[in-house]
Every structure is written in structure tokens, then in C-alpha cells.
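The sequence shown begins at 898 in this note's numbering and counts up by one.
Beta carbons are placed, not taken as given, at the ideal position from N, Cα and C, and that holds for glycine.
What follows is a short report on a single structure.
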Amino acid sequence: MTHDQRKHRRKRRRAAVRHAIFTKTPKKLTGGRLGRVKPGKNFEVNEREILIPDLSDEFCGLKIVHFSDLHVGELITPAHLPHIVEAANAFEADLMAVTGDFVDYSNSYLPAVMEAMSDLRARYGVYFVLGNHDYLDDGQEVVEAFAASKLRLLLDEADVIQIGDNGCSMGVGGVRWSNLSNEMDMCVKKVNIAMKGCDLKILLAHHPHCFDAAHRHGIDLTLSGHTHGGQFLLSKKRGKKGSIGLANLGFRYTRGLYERGACRLFVSSGVGSWFPFRFRCPAEITRLTLQAVY
């Protein structure tokens, strides 16, 4: 057994313990009620405006639908997926970004996820990156499922999209999962090179700490998830460090919009959960509308 295989086995064992304690046990104790579909109540549908300095007129009003962290499994089941897809498509997005953690623990749910994701629609395309939970079972199987479904999974790569008649271009890039700063920087640097010359650069990254590298490389907008907004907030009032909750224990960027110079980050609170309790931090699907600020 290789070092990487042993490392993955250890991660899998730790994940199995968390899954048993925080996911399966609460569901069992409530008689399965935690996994029931509640249309209109399982998540909020929100709209936010993002002001980007000197944004070209071609991109003003661009609508990006962003959601993250489905965690399809015991709590967010395949039965929830049609409601999520319907809500996302109802926004009639120009661009759609889904930033990882499609399955919670087991790839047995992967076929249902791929079928649902194939129904997402946006004018300029739907883009995906993977999260840490997508590697708990078999990450390569997830990558292959995306390829077979012809869904645009971004693994340290980018697409360049021509917008309008004035030759403006939008780069949409995505990085593979990492929680190591040096790896994040290398991946973001590679994606930024692929978007060289674009008038608007958008980065998809499951881990919000990629924003540090995105800022160094001058990427206009980063879209992330991973934190679930903390799921449990003591205060929703935003200060210099954002809202106060569980996510503050491990993350610099926890939920919502952040600004550093001309660069922006939006962190989704997630549409799913891996433990069943949320307090002052509802699940969400968000439409982000870009506008210029001078």
C-alpha cells in the first residue's frame, strides 16, 4: 500500500466516525425527519449585488447563480435535488457556479447527483469544482462521472468566453481541492495564466482561503463554499471579520461578501449540510449581479 493510499484510508476512517456521530445518529433519533424534503424551507433563495471596480459595461448586470456543498447523502437526499435545480434555473443565470462537495460520504449517490447537475442551465455555461468530501470515497470516480456526463469540471484550468460585440472576454477558472496555502497559490497561478488578457476573471475554489492567492494574482471575483457559513451563528452582524459563529474557529472568510482592493470573494453558506443543525445561518442559493464602481 502506498503512502497516499494509507493517508486516504486514515481520512476515510475519521470521516466514517464523524458521519456516524453527526449525520446518521441524529437522523435515526428523529425517525428520518431530518432528511425529508420541505419545498421552500430547506434553503433560502437570495440575491446580492457585487460592485467591481472599473467593470466593463459588457459585464454590468451579469447574473451569476452560485451554490455549494450539496452533501447528498443521509440529510440532503436525491429527492431534494429537483427542488435545488428548479430554484437555480428559475434565476435564468448568465453563468452558474457550483463549488464542490456534491456527495457527503458515499459515491453511491453519485448517479443521482450527475443526473440532477445535467439539468442545470445558464446562458454562458454551468461550471463545477470539487470539494474535500468528493474525495472521501473515490475522488477519481467523481472526476470520471463528470467527464462521462460532459459537465464542465474545472481542475486547475479555465475557459475564456467572448461577451458582446466589442471583443470583451470573461475567464472562468477553477482549482482542484487543497487546504495547503502553497498548493492553493500554485493552482491559482496556473488558472490565472490560462485567463491572461481577460477583461473579467472569475475563480471557482471550494476553499475560501484561495482568495489570498486570487488577490495576489488580481482575480476579480472568487466564488467559494466549504464553511457552510458556520451553520451556527452567534451574531449575524458583520464586522471586520464577518459574522461570529463556528466557522470563525477555522476560517478567515466564513460567509458572504469580502473585499480586498479591487478583488471580491463570495462565500456561500451552502445548500446542504453534513450535520443537521443550523442557527441563524440558513442554507442558500444565491444570484450575484455584477455592477461597476468607479
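Within the same chain, Cβ atoms closer than 7 Å to the Cβ of D1082 are found at A1110, the five residues on either side in sequence being excluded.
Taking a cut-off of 8 Å on C-beta distances, the segment 990-1010 touches the segment 1023-1032, as three or more cross pairs fall below it. Judged by beta-carbon spacing, M1092 lies within the 8 Å limit of A1055, meaning their Cβ atoms are closer than that value. Here V1057 carries a strand assignment [DSSP, helix/strand/coil]. In the pairwise beta carbon analysis, the segment 904-923 is classified as touching the segment 1165-1178: at least three pairs are separated by under 8 Å.
The beta carbon of P1105 lies closer than 7 Å to those of S1121, H1123, T1124, F1148, Y1150, L1162 and V1164 in the same chain, with the five residues before and after it left out. Apart from sequence neighbours up to five positions away, the residues of its chain that approach T974 with a beta-carbon distance below 7 Å are G932, ordered along the chain.
Take L1143, set aside five residues on each side of it, and the residues of its chain with a beta-carbon closer than 7 Å to its own are G1127, Q1128 and F1129, in chain order.
Distance from V1039 to C1095 at the Cβ level is roughly 28 Å; contact not present, criterion being Cβ atoms closer than 8 Å. Counting the other CB atoms within 10 Å of its CB gives Y1002 a total of 16 or more, which places it among the buried residues. Only buried fits G970, as 16 or more other CB atoms lie within 10 angstroms of its CB.
Judged by beta-carbon spacing, I1116 lies within the 8 Å limit of C1160, meaning their Cβ atoms are closer than that value.
When C-beta atoms of the segment 1172-1189 are compared with those of the segment 957-972, three or more pairs fall below 8 Å, so the two segments count as touching.
Here V982 has A1013, D1016 and L1017 as same chain residues with Cβ atoms under 7 Å from its own Cβ, once five neighbours each way along the sequence are excluded.
Leaving aside the five residues that flank G1068 on each side, the residues in its chain whose CB is nearer than 6 Å to its CB run, in chain order, A1055, V1057, M1092, C1095 and K1098. In the structure shown, M1092 falls within a coil segment according to DSSP collapsed to helix, strand and coil. A check of alpha carbon separations from T920 across H968, N943 and A1045 identifies H968 as the nearest. When the five nearest sequence neighbours on each side are left out, the beta carbons in the same chain lying within less than 6 Å of the beta carbon of L1118 are those of I1099 and R1161, in order along the chain.
From the listed residues L992, A990, G1036 and H977, the smallest Cα separation to N1004 is found for G1036.
In the DSSP assignment, C1065 falls within the beta strand (DSSP E) that extends over C1065 to G1071. Under the DSSP assignment, K960 falls in the beta strand (DSSP E) whose first and last residues are K960 to F964. DSSP, read as helix, strand or coil, puts K1098 in strand. When rounded, the separation of the alpha-carbon atoms in C1107 and V1085 is 7 Å.
Each of C1065, N1063, G1064 and L1051 was checked against the Cα of W1074, and the nearest Cα belongs to L1051.
I1060 and E946 do not touch by the CB rule: their CB atoms are close to 19 Å apart, not below 8 Å.
For F956, the three-state secondary structure derived from DSSP is helix. Excluding sequence positions up to five before and after G1022, its CB lies within less than 8 Å of the CB of L992, M993, R1049, D1056, I1058 and V1069, all in the same chain and listed in chain order. Runs of the alpha helix (DSSP H) lying entirely within the segment 1021-1058, each at least 4 residues long, are 1036-1046 in chain order. Across the structure, S953 and V1088 are spaced so that their CA atoms are roughly 21 Å apart.
With contacts defined by Cβ atoms closer than 8 Å, H980 and P1008 do not form a contacting pair. Excluding sequence positions up to five before and after R1157, its CB lies within less than 8 Å of the CB of F1108 and H1112, all in the same chain and listed in chain order.
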